[in-house]
Structures are given as structure tokens and as C-alpha cells.
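Sequential numbering of the sequence shown, starting at 12, is according to the numbering used here.
Ideal placement from N, C-alpha and C gives every residue a C-beta, glycine not left out.
Remarks on the structure that follows.
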Amino acid sequence: MYNVAVFGCGYVGLVTAACLAHMRNTVRAYDTDVTKIRALQHGEVHFYEPGLSQLVCAQQIEGRLSFTDSAARALENADAAFIAVGTPTGPTGEADLTYVRQAAREIASCASRPLIVVNKSTVPVETADLVERIVNANSAGGVRFPVASNPEFLREGSAIGDFLHPDRVVIGSDDRRAITMLREMYAPLGAPIIVVDVHTAEMIKYAANAFLATKISFINEIANLCRAVQADIDGVVAGIGADARIGRTYLEPGLGFGGSCLPKDVAALAHVARKHAIEPTMLDATLGVNRRQIVAAMHLIEEAAGELYDARIGVAGLAFKGGTDDLRESPALVLVEALLTAGCSVAVHDAHALRRAQTVLRERVTYCSSVYDACSGAAALVIANDHRSYSQLEWKSVASRLAKPNVIDLRNRLDPAAVARAGLQYAGIGRRRTRRVSEKERTT
Ligand SMILES: NC(=O)c1ccc[n+]([C@@H]2O[C@H](COP(=O)([O-])OP(=O)(O)OC[C@H]3O[C@@H](n4cnc5c(N)ncnc54)[C@H](O)[C@@H]3O)[C@@H](O)[C@H]2O)c1
Numbered sequence: 012m013y014n015v016a017v018f019g020c021g022y023v024g025l026v027t028a029a030c031l032a033h034m035r036n037t038v039r040a041y042d043t044d045v046t047k048i049r050a051l052q053h054g055e056v057h058f059y060e061p062g063l064s065q066l067v068c069a070q071q072i073e074g075r076l077s078f079t080d081s082a083a084r085a086l087e088n089a090d091a092a093f094i095a096v097g098t099p100t101g102p103t104g105e106a107d108l109t110y111v112r113q114a115a116r117e118i119a120s121c122a123s124r125p126l127i128v129v130n131k132s133t134v135p136v137e138t139a140d141l142v143e144r145i146v147n148a149n150s151a152g153g154v155r156f157p158v159a160s161n162p163e164f165l166r167e168g169s170a171i172g173d174f175l176h177p178d179r180v181v182i183g184s185d186d187r188r189a190i191t192m193l194r195e196m197y198a199p200l201g202a203p204i205i206v207v208d209v210h211t212a213e214m215i216k217y218a219a220n221a222f223l224a225t226k227i228s229f230i231n232e233i234a235n236l237c238r239a240v241q242a243d244i245d246g247v248v249a250g251i252g253a254d255a256r257i258g259r260t261y262l263e264p265g266l267g268f269g270g271s272c273l274p275k276d277v278a279a280l281a282h283v284a285r286k287h288a289i290e291p292t293m294l295d296a297t298l299g300v301n302r303r304q305i306v307a308a309m310h311l312i313e314e315a316a317g318e319l320y321d322a323r324i325g326v327a328g329l330a331f332k333g334g335t336d337d338l339r340e341s342p343a344l345v346l347v348e349a350l351l352t353a354g355c356s357v358a359v360h361d362a363h364a365l366r367r368a369q370t371v372l373r374e375r376v377t378y379c380s381s382v383y384d385a386c387s388g389a390a391a392l393v394i395a396n397d398h399r400s401y402s403q404l405e406w407k408s409v410a411s412r413l414a415k416p417n418v419i420d421l422r423n424r425l426d427p428a429a430v431a432r433a434g435l436q437y438a439g440i441g442r443r444r445t446r447r448v449s450e451k452e453r454t455t
């Protein structure tokens, strides 16, 4: 069992801190945002992630997890310091490493004894070298800190399960002590541990995200083609996904990928490629198809609802996926902006992100605490993320509120037949159009 400091209490840092404490390490988590730290000290988690509040509180009560606004306090007696700070997109697509540099400087100047620096943030190749240079140049008393890379693969919405039951743990380091410590720390998970050099570990994370994003763009392009040639994407996914060489995961047609990882990581990898004079043809195409998916969605809505100018449209699901309140790079928000630009009045619902959405969309849309309210007087209900409640709606109630009987399923999670039975016209991404069942057919 180790003493661990975690720098950054966001989605990744807080999950890492709580899970490492659950694995019986003693964890002190630090964030530069004092408001977040104060809330966490009172057991309040500042974002929505299923099960996280309960895990954080349980570990605080056990005395294995605490929060501090002092980097020095976080590092007292620490054997390892995990860096889990944000790496947003810079002006030309590159990863902005400002927070990583800052954390490295703080670790060097505050650590009172040698410890291992573990980078969990998603960063371009050679960032561990940069962190090593910074910590060793700024360390008090010439103490040397080995730096390891330990990329994180969790998904928001299932972050705790993903952390505690990973497909693999990647450790990138040339330092024997760092490798041994991280191996021991992760051993309780029973997952395969892949030990590589730091550059390879950094590349693994970017390559994984680029591949997942490419799978999504690929299936979206095929889905759009299915629509054009009257084929059905569900059958195509079943047919190709059953092939063990391909697999079904991430072959889910929809509105495109978003969130704090895939768009920025693909852009950052493309930037790295250009820096090395390699044309990132596939990565550019992946991003291009993703951007175009909003246009495809707008066509679908217009085809169903008719003239969009002055039309009211209900949009359900604003977060980049269901089960989270994260709006970063959410394609649903891009769609709302496109609808507003087309002259629609938009009524929105989200299970977890409605309050956050108000800081972005302000008074330009109507906020609804139920999906049914978002349907009132609308020419279409648009399902824009995969929150599980949307597939269980009372379709007759939806039908009774809509001005025109249209449901546009931009995540292909609804049962088209159930929607049609309520007298609604269903349209999905690359799915065959489902004719609505008329009143007469329903009663005979
Ligand atoms: N969110 C995900 O699903 C996910 C999954 C895997 C990897 N990642 C990667 O993990 C990293 C963190 O992502 P996130 O979503 O948790 O970001 P986030 O924005 O939710 O959290 C980052 C936190 O770091 C804090 N911070 C900034 N500078 C700091 C410093 N010097 N010391 C201490 N705290 C500092 C911020 O205040 C913030 O609370 C990114 O590189 C991201 O790409 C994210």
C-alpha cells in the first residue's frame, strides 16, 4: 500500500484518487481550484458520475482519501504523485500542456523527498521527457524524480467500473523502481499489465483514441450511405460486428463523437504528425466525417419537420453522452447552435446537464425539466444523446404533445416499431424510415 498524491480533481483525477483509496492506498488529492476542494472536503462532488459521490464519501470516512488546496501538504510522505490535470486543445490543434508544466513545477518545488511522478493526463509523445526536465531542474536539494506514463482509458458514465476492471493497465517507464511500484499498485485489479517505454505508453493512448474515433466516423459514413441506397445500418452492423476481426463496439451510428477526449486527442495526434512532416490523412478524414455528421442530422430533421425557420424543435440530451453532465465538445450543443442559426426555437432537456447548459446556451433556448415539456408544440422531438431514459418514453404522451408527429433518433437507441405504434414518424441514422401506424390501423 502506498501514499499517493493526485494533482487534479476532475473526471480522471477524482476517479483515480477514489479508486486508489478503495484499493487501500492512502491518497491526498490536490486541485488549484479551491472551490472544488472545499466542496470535496464536505463530500460534495462537483460533477455527475454514477457512484462517485458514494465512493468518495466512503473513502473519506475510512480515512484513506482526503483533499487539500496545498500542493506541499498533498506531497507529504507521498511515494508517488499522479498528474491528472487537463490538456485542452491549443490554437492549432496541439495539446496545451500549461497545466502539466505547472503541476510538474509544483511537485518539484514542494516534494520534500524523492517520489515517482506518474503522468495520467493524455499527452503527446515526449511529454514525460518534458516533465522529467522540469521536475529535475526545479527540485530542491538536487533530488531526482523518475517520471512514468500511465495513461487512463476510463469512459465518463462508467468511470469507476472502467478504472477497477480495465482491459489492461499500461505502464511506460525505464525506471525499475517506478515499474515495480506501479505494478504493485495495480496488481489487485488482476488486469493484464503492459510495460513499455514512456514514448510508447504515450503513443498507445493517442492511438487507442484515434482508432475508436475512426470506428465511429467509419460507421457514420456507412450509415449515411445506407440511407442513400435504402439499406439498413442495423443489419450491416450485425453483419460486420459478428466478425471477430471487426467487433461491435464503437460501431454505433449517431451524431458523431464528442467529449473531452476523442476530438482533442485526434486533433493533437494530427498536429504531432504534421510536426514530423507526416500527412495525417486518416485522422483528418475522421475529424472531417465527424463535423459533417451535424449536417446529415440537420437534413434528417428538415426532411421530417419541413421548413425550419420559425419551427419549434425539442432536443433531448445535451451532454456528449448519456450518464454524464459533461458538455465539452458535445455534438448535441453543435446541433442546437445549427438549429438556432436555421431560425428554430429550441426547447431542451437533459437528465444531468441542464444547469451547466444554461451557462453555454443562456436565454437562447427553453429549458425543460421533462422531455414531454420539450415536445409541446414542436415539429419534431430530436434525441441527441444516448441517455437510457429516452428509450423508455411514453410515446403516446410524446405524440399528444408534438405539433407534428416526428421523432428523430440521432443515436439509434429507440425501438422504431414502438415509436410508430404511437402514431409517430420515426427516422434514425441509416435506419429504414418507419411508417407511422395510423389511428385506423391502430384500432383495427
Ligand atoms: N474525461 C475523460 O473521460 C478522460 C479519460 C481519459 C483520459 N483523460 C485525460 O485526463 C486528463 C484530465 O482530464 P479531465 O477530464 O479529468 O479534466 P478536468 O478538466 O475535468 O480536470 C482537470 C482538473 O485539474 C485541475 N488543475 C489544473 N491545473 C492544476 C495543477 N497545476 N495542479 C492541480 N490541479 C490542477 C483543474 O482545476 C481541474 O479540476 C486530460 O489529459 C484528459 O485528456 C480524460
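- Judged by the Cβ position, R166 qualifies as a neighbour of ligand 1 at the 7 Å threshold, a heavy atom of the ligand being closer than this.
- For I257, there is no enclosing alpha helix (DSSP H), since its DSSP letter is neither H nor E.
- In this structure, N423 sits near I440, with a CB-CB distance shorter than 8 Å.
- Per DSSP, the continuous alpha helix (DSSP H) segment holding S64 begins and ends at 63 to 73.
- Taken in chain order, the unbroken stretches of alpha helix (DSSP H) that lie wholly in the region 318 to 403 and span 4 residues or more are 342 to 352, 365 to 372, 382 to 386.
- Under the criterion of beta carbons closer than 8 Å, N396 and A343 qualify as touching, at roughly 6 Å.
- Per the coordinates, the alpha-carbon of S387 lies some 14 Å from the alpha-carbon of L435.
- Relative to ligand 1, even the nearest heavy atom lies 7 Å or more away from the CB of A159.
- For S184, the number of other beta carbons within 10 angstroms of its own is at least 16, and it is reported as buried.
- When distances are taken from the beta-carbon of V430 to the heavy atoms of ligand 1, even the shortest one reaches 7 Å or more.
- In the DSSP assignment, A106 forms a beta bridge with T100.
- With a cutoff of 7 Å, V448 does not count as near ligand 1, since its C-beta is closer than that to no heavy atom of the ligand.
- Taking C-alpha positions only, V15 is separated from N161 by approximately 14 Å.
- In the structure shown, Y59 adopts coil according to DSSP, grouped into three states.
- A Cβ-Cβ contact shorter than 8 Å links T133 with D276.
- Taking 7 Å as the cut-off, the C-beta of D42 counts as close to a heavy atom of ligand 1.
- Taking a cut-off of 8 Å on C-beta distances, the region 250 to 259 does not touch the region 327 to 337, as fewer than three cross pairs fall below it.
- With respect to L193, V154 sits apart: the two C-beta atoms are not nearer than 8 Å.
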